[in-house]
Amino acid sequence: MAQRSNFSIGILGHVDHGKTTLAKSISSVASTASFDKSPEARARGITLDLGFSAFLADLPSSEGREPVAIQCTLVDCPGHAKLLKTVITGSAIMDAAIVIVDVTTGIQVQTAECLVLALKLVPTTTVLVFSKLDALLAKHRAKSGDGDAPAAALAAYRKAERKMRTVLTTAGFPTDTPIVGVSATAPEVEETFRSAGLTECGVPHLLDTLTAMAARRLREPAAVAHRESLAAQPTLFAMDHAFAIKGVGTVCTGTMLAGQVSVGDTVEFVGMGEQRRVRSLQVFRQSVAHASVGDRLGLCVSQMDPSMLERGLIAAPDSVPSATAIFARVGRIRFHKLDVSTRRAYHVTLGHTTVMATPYFLRRADNTPPDWATFSLPSPQLTDAEYRLLDLLPEGEEETLVLLELAERIAVPPGALVIGARLDLDAAGTACRLAFTGHPLVSTTLDTALAAINVTTPKEYVGTIDRFSDTQRTAAIVKGLSAKGRDPSFLVGRTVVHEPSGAIGIVDGPFGQSGKMKVTFRKGIPAGDQSKRVVYRFTKKVSLKR
């Protein structure tokens with residue numbers, strides 16, 4: 019019997035660019051949560067929640083491997099700007115992405131945000147789809163007539179394709195990222211474009227592209243090793259939908275993110291404190307005894323009210339930690355044009371949860387990067403080194419340490435992606451709202467985090483040389499070296515610097531009762547140097563909380 023593998027593909031794009039229409043045209047299996055059946059979504063004609071469907075494909079045996087039956091699960095994401103949070107949470111389960119763009123209107127703000135998500139999550143398994151070829155052809159038929167319309171439409175398509183290729187390569191996608199044109203509602207239009215010379219065209223070509231991508235991804239040694247590593251971890255299931263079946267139980271549909279699950283296992287509803295036994299499992303209406311990482315399935319339990327269940331996680335008992343603070347390594351999203359500031363509130367998505375969070379961006383005082391691989395609590399990396407609090411997250415590719423203070427306790431699933439966004443910005447505006455992204459390092463509490471890290475700020479006291487007491491100009495009397503009103507005796511034995519000569523001196527002790535100090539310089543101050551500036555530099559431990 020052929021091995022069965024699941025491959026999840028997110029369909030992303032601006033509202034009304036044809037995501038759900040495309041999902042319907044390439045799906046052969048619909049789930050209970052497909053194509054957003056909510057009354058509001060149907061009334062408005064747009065997707066308001068994640069929808070799930072699938073198509074099946076068979077891969078021939080290769081290099082001694084047994085044949086693989088691929089189930090490509092399509093995750094239809096809403097395109098409305100106000101629903102970006104739903105898109106971000108849905109992105110956690112994606113192995114690949116289709117970013118769909120209306121060829122007649124081009125990139126919109128939400129398109130750019132979707133491209134950012136695809137670039138961060140699945141840069142090598144993204145397909146750009148130009149939709150609505152039928153609208154493009156109709157536009158040129160109105161201008162040029164039936165005879166000239168195909169050539170004119172193809173020229174317009176090629177122009178849009180060149181612009182899109184520039185956008186993709188500039189953003190950082192591979193130069194061979196597929197671009198496919200489709201007309202999901204009028205396949206005869208696809209044939210017209212093919213006849214005009216567009217080979218990368220049509221739903222069948224898109225299916226072939228996705229299947230080849232899934233096959234390549236599923237057979238890559240690194241991807242295989244990664245899936246095997248995930249399969250060895252405790253059960254972790256991303257639930258997106260729940261409903262009751264009388265006499266059977268409550269069915270939770272979702273995607274296996276890690277581990278395996280079997281009928282009879284006990285699982286925990288993360289964040290609810292509820293544990294239940296798995297009564298049955300189904301993969302697109304086919305009953306199975308076991309499910310593994312990557313599978314899209316229905317998991318049936320008893321005595322759970324589906325109205326009490328929201329999108330979230332089901333896991334092996336006590337396997338998912340929770341936190342009120344997180345140390346993470348993050349980088350700035352360069353398409354976000356606003357400052358990314360310490361102490362500003364951001365919407366932070368971690369796995370399937372979005373909460374308000376306050377970031378504190380940090381850098382080691384010596385500017386060396388932390389050892390991310392060994393980062394832990396407690397750690398000499400945090401207690402022995404000095405860190406500086408940054409006002410802004412630096413631009414560029416280098417990752418920065420951040421402490422995220424969460425507004426509420428949330429689950430932190432292993433391997434989750436952290437995404438920080440400004441969802442408070444005008445959804446109808448032109449700004450990319452995604453600000454930073456990265457990965458959690460340590461889940462903890464705020465008090466523990468604050469106690470664990472040594473954050474300092476540079477300080478200095480500046481004095482002036484009153485006079486020298488020897489001809490070699492090594493023994494000086496310095497005034498004003500301490501803060502006004504403070505006993506200067508604490509400076510005894512401290513190192514000071516004469517500027518601009520750089521001569522190093524040691525504070526020997528007080529001179530008289532006026533606050534002056536005796537300082538001995540290792541080398542005399544040059545006779546021609548008229549500067550009287552002497553500086554004591556030190557660092558002061560500061561609290562991140564004002």
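The sequence shown maps to residues 19 to 564 in the numbering used here.
The C-beta atom is built at its ideal place from N, Cα and C for all residues, glycine as well.
Gln-399 counts as buried, since no fewer than 16 other beta carbons sit within 10 angstroms of its beta carbon. For the options Cys-450, Met-231, Val-285 and Leu-421, the alpha carbon positioned closest to that of Phe-25 is the one of Met-231.
When C-alpha distances from Ile-111 are compared across Asp-120, Val-119, Thr-475 and Asp-94, the shortest belongs to Asp-94.
Ranked by how close their Cα comes to the Cα of His-35, the residues Asp-384, Thr-474, Ala-346 and Val-117 have Val-117 in first place. Nearest neighbour of Ala-156 by Cα position, chosen from Ala-171, Thr-144, Ser-46 and Val-510, turns out to be Ala-171. Excluding five sequence positions before and after Gln-251, the CB atoms of its chain that fall closer than 6 Å to its own CB belong to Ala-276 and Gly-277, given in chain order. Per DSSP, the continuous alpha helix (DSSP H) segment holding Phe-211 begins and ends at 205 to 214. Proximity of the region 343 to 358 to the region 458 to 478 meets the contact definition, three or more beta-carbon pairs being nearer than 8 Å.
Burial is judged here by how many other beta carbons sit within 10 angstroms of a residue's own beta carbon; Phe-255 has at least 16 and is buried.
Annotated three-state conformation of Ser-340 is strand, per DSSP. The beta carbon of Gly-438 lies closer than 6 Å to those of Tyr-364, Val-366, Ala-453 and Phe-454 in the same chain, with the five residues before and after it left out. For Val-537, the closest of Asp-120, Ser-561, Gln-548 and Asp-488 by C-alpha to C-alpha distance is Asp-488. Membership of Met-231 in the alpha helix (DSSP H) is indicated by the continuous run 221 to 237. Taking the Cα positions, Met-326 is about 46 Å away from Glu-404. In the DSSP assignment, His-158 falls within the alpha helix (DSSP H) that extends over 151 to 189.
Ranked by Cα distance from Leu-380, the options Gly-433, Cys-318, Ala-467 and Arg-303 are led by Ala-467. Taking C-beta separations shorter than 6 Å and ignoring five residues to either side along the sequence, the partners of Arg-555 in its chain run Glu-478, following chain order.
Setting aside the 5 residues that flank it on each side, Leu-248 is surrounded in the same chain by Ala-276 and Val-311, each with a C-beta closer than 7 Å to its C-beta; the list follows chain order. With the rule of 3 Cβ pairs closer than 8 Å, the region 424 to 434 does not count as touching the region 385 to 394.
Runs of beta strand (DSSP E) with 3 or more residues, each lying fully within the region 466 to 509, are found at 474 to 486 and 493 to 497, listed in chain order. Between Thr-271 and Asp-283, the CB-CB gap reaches or exceeds 8 Å.
Per DSSP, reduced to three states, the secondary structure at Pro-458 is strand.
Here the region 144 to 155 makes contact with the region 185 to 204; the two share three or more CB pairs at distances below 8 Å.
Between Ile-483 and Lys-534 the beta-carbon gap is near 10 Å, outside 8 Å, which marks them as no contact. By the Cβ-count criterion, Glu-423 is buried, with 16 or more other Cβ atoms from all chains shown falling within 10 Å of its own Cβ.
About 19 Å separates the beta carbon of Pro-476 from that of Thr-418, a gap too long to meet the 8 Å contact definition.
Judged by DSSP in its simplified three-state form, Met-535 adopts strand. DSSP links Ser-305 through a beta bridge to Gln-300. Within a 10 Å sphere around the beta-carbon of His-308 sit fewer than 16 other beta-carbons, which makes this residue exposed.
Annotation for Ile-197: the continuous beta strand (DSSP E) segment containing it runs 197 to 199. If you draw a 10 Å sphere on the C-beta of His-516, you find 16 or more other C-beta atoms in it, and that means buried. Within the same chain, Val-127 come within 8 Å of Gly-447 by CB-CB distance, once the 5 residues on both sides are set aside. The alpha-carbon of Leu-464 is positioned some 12 Å away from that of Leu-395. For Ala-449 against Leu-356, the beta-carbon gap comes to about 7 Å, under 8 Å, which counts as contact. In the three-state DSSP reduction, Lys-42 falls in the helix class (H, G or I).
Taking each of Lys-497, Ala-469, Thr-492 and Ala-160 in turn and checking the Cα distance to Val-560, the smallest one comes out for Ala-469.
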